[in-house]
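Here the sequence shown is numbered in this note's numbering, starting from 1494 and rising by one per residue. Backbone N, C-alpha and C fix where the C-beta goes; we use that ideal spot for every residue, glycine too. Remember, predicted model here, so these are calculated numbers, not experimental data. First comes the structure, then the notes that go with it.
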Amino acid sequence: MGRHVIGKVSELPPGSNKILALKNRSIGVFNVNGEFYALRNTCPHQGAPLCKGDVRGTTLPSKPGEYIYGQEGEIVRCPWHGWEFNIKDGRSIFDPNKCLVKTYEVEIEQEPSAVETFPVKIEFNNIVVYV
């Protein structure tokens, strides 16, 4: 698995996504409430560009006539036929154990901080720092 720098954290604010071609694969990278996830941009149903679909939430179990919403910003809906997948783990909403989308690991790398250094020399058995 190769390492691919795709941009700065500030370029992908919460609620947004970015579709990239990495190693001949179309992959969508999503920012869900400050956490980053990557999915294969192919719906397993008929190959639609999944990551171009709407990102929304879903309804949670509730009493008849009562609607409780949850997982806001965590569900991507296929633009062709409406199949829904959890962005965090790639599992489908309707059959999470059998219908999945490939996920990829995403890491945030911190840039090394600039540290000011000074030359040090040994002169006549004395340590000398030049500022």
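According to DSSP, residue pairing for Arg1570 in a beta bridge involves Glu1577. Pairing Pro1572 with Ala1541 gives a Cβ-Cβ distance under 8 Å.
If one requires a minimum length of 3 residues, the beta strand (DSSP E) runs lying completely within the region 1499-1566 are 1510-1515, 1518-1525, 1528-1533, 1548-1553, in chain order.
Thr1610 is bridged by DSSP to nothing; it lacks a bridge partner. Contact between Glu1598 and Ile1586 fails: their C-beta atoms lie close to 23 Å from each other, not under 8 Å. Here the C-alpha atom of Lys1501 lies approximately 10 Å from the C-alpha atom of Gln1603. Taking C-beta separations shorter than 7 Å and ignoring five residues to either side along the sequence, the partners of Gly1550 in its chain run Tyr1562, Gly1563, Gln1564, Glu1565, Gly1566, Glu1567, Ile1568, following chain order. If you ignore the 5 residues before and after Arg1533, its C-beta comes within less than 7 Å of the C-beta of Arg1518, Ile1520, Val1594, Lys1595, all in its own chain and listed in chain order. For Phe1523, the closest alpha carbon among the candidates Ile1601, Asn1590, Val1613, Val1608 is that of Ile1601. Of the residues Lys1556, His1497, Phe1611, Cys1544, the one whose Cα lies closest to the Cα of Lys1581 is Cys1544.
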